[in-house]
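Asks: The opening position of the sequence shown corresponds to residue 33 in our numbering, with each subsequent residue numbered one higher.
One structure, pasted below without further comment.
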Amino acid sequence: MHSRALLALTALLLAFLAPQAHSEPDELQKISQLIGRNQHVEAEKNLERYLAAHPGDVRGTFIKGILLGEQKKTAEAIRLYNDLIKQNPTWPEPYNNLAVLYASQGQFERARQTLETALRTHPSYAAVHDNLSGIYAAMASEAYGKALKTDDTSIRPQPRLAMVGLPYAEKQALAMAANTQPTTPAPIKAAAPAPVAKPVLAASAPAAPLQTALTPVAAPMAKPEAQPIAPSPKAAKEPVADDPAARIEATIKGWAKAWSRQDVDRYLDYYAGNFKTPKGESRRAWEQTRRSRINSPESITVDIANLKIENDGNHAKVRFKQNYRADRISKRTNKTLILNRSGNRWLIVEELAR
């Protein structure tokens, strides 16, 4: 685990919770530092004392979730986040972190459903959109591998997802104290854990493949002024309405972000197996060229603007202006991407630039 990312995550959490008494954040900060130094036994003892003195404290509970992840107690962490969801059905953060844990077990469909539930509480939550794009890409890669009927690990999905802090914890803690019987949706039931990789606490920059990054993430893009209305239990169980345009937009933004981060594996996951290469070269040759061009610059920034989407539910044409910057190169391009639907995912089958 990487202690700097952990401390940054905890700092983000505590910054939002500054109005509390000074001694409590100090205790939590000490516990977080112990976790960052991999002193899990001592951290657990201190955290147990803190939670005994502050029963139901959401900040302490949240840090316990981090500790459980560090201890590779994924099933217990899943139960913890389900409990937080039951108590706080309008928070997007527990849904998001629960989805990351499901994805670490290879439960991509459950992760997708959980993230879409998070978007029902806060439709503009940037971190959830990013993670959902990663899940779509992973599911597409998984479907591609099944279509080839291969066990080649090089094409297995390897999403890097981000856990988030609790920017609304202070408000929700007060709400919990005022309302002892809130109306809540049924928590998402955890499935039996599969023998796959657990989340790894990593820095913000992309880590090595086969890891799920646990990184500090900013607050939602648009923080609502009014307290959001909790969904009813019935609504929480109903499937999220399919919105092809929203999924297509999330796919394009995820594709551009992977390119900007020079995360080649994730970038390539957005392309369908039958992608039409620009010069008619083989898929392997095209991928080798893309890897070289993406990895060579010290940094890359890809911005998209004026996004226009046409789709019939199964096929889509997306037009936008692409602003590409790499080292001293700056290039603006009018780009068109052709995508086909594969289950709940959208994959690029053709890329046109002029």
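All residues carry an ideal CB built from backbone N, CA and C; glycine is no exception.
State the DSSP-derived secondary structure class of residue 355, mapped to helix, strand or coil.
Replies: If DSSP states are grouped into helix, strand and coil, residue 355 belongs with the strands.
Asks: Consult DSSP for residue 362 and reduce its assignment to one of helix, strand or coil.
Replies: Residue state, collapsed to three classes: strand.
Asks: Out of curiosity, what's the CA-to-CA distance linking residue 359 and residue 279?
Replies: Those two C-alpha atoms are separated by around 31 Å.
Asks: Looking only at DSSP bridge pairs, what is residue 91 linked to?
Replies: In DSSP, residue 91 forms no bridge with anything.
Asks: Considering just the uninterrupted stretch of the alpha helix (DSSP H) at residue 151, what are its terminal residues?
Replies: Looking at the DSSP string, the run of the alpha helix (DSSP H) that includes residue 151 is 140-153.
Asks: Using DSSP with H/G/I as helix, E/B as strand and the rest coil, what is residue 104?
Replies: Residue 104: coil per DSSP, three-state reduction.
Asks: CB-CB under 7 Å to residue 92, same chain, minus the five flanking residues each way: which ones, in chain order?
Replies: Cβ within range, chain order: 60, 79, 82, 83, 86.
Asks: Can you tell me whether residue 340 is helix, strand or coil according to DSSP?
Replies: If DSSP states are grouped into helix, strand and coil, residue 340 belongs with the strands.
Asks: In the DSSP assignment, find the alpha helix (DSSP H) that holds residue 79 and state where it starts and stops.
Replies: Counting along the chain, the alpha helix (DSSP H) containing residue 79 begins and ends at 72-85.
Asks: In the DSSP assignment, what residue or residues form a beta bridge with residue 373?
Replies: Beta-bridge pairing links residue 373 to 378.
Asks: Among 178, 88, 163, 130, whose alpha-carbon lies nearest the alpha-carbon of residue 108?
Replies: Considering only alpha carbons, the answer is 130.
Asks: Shortest alpha-carbon distance to residue 101 belongs to which of 121, 76, 347?
Replies: The shortest C-alpha separation from residue 101 is found at 76.
Asks: Is the separation between the beta-carbon of residue 387 and that of residue 169 shorter than 8 Å?
Replies: This structure cannot speak to residue 387, because the chain is shown only from 33 to 386.
Asks: Taking DSSP as the reference, what is the three-state secondary structure of residue 368?
Replies: Residue 368: strand per DSSP, three-state reduction.
Asks: Can you name the start and end residues of the alpha helix (DSSP H) that residue 285 belongs to?
Replies: 276-292 is the extent of the alpha helix (DSSP H) around residue 285.
Asks: Given a threshold of 16 other Cβ atoms within 10 Å of its Cβ, counted over all protein chains shown, does residue 115 qualify as buried or as exposed?
Replies: Label assigned to residue 115: exposed.
Asks: When we look at the beta-carbon of residue 320 and count the other beta-carbons within 10 Å, is it buried (16 or more) or exposed?
Replies: Label assigned to residue 320: exposed.
Asks: Look at the alpha carbon of residue 144 and the alpha carbon of residue 376, and state the distance between them as a whole number of angstroms.
Replies: If I take the Cα positions, the gap works out to 10 Å.
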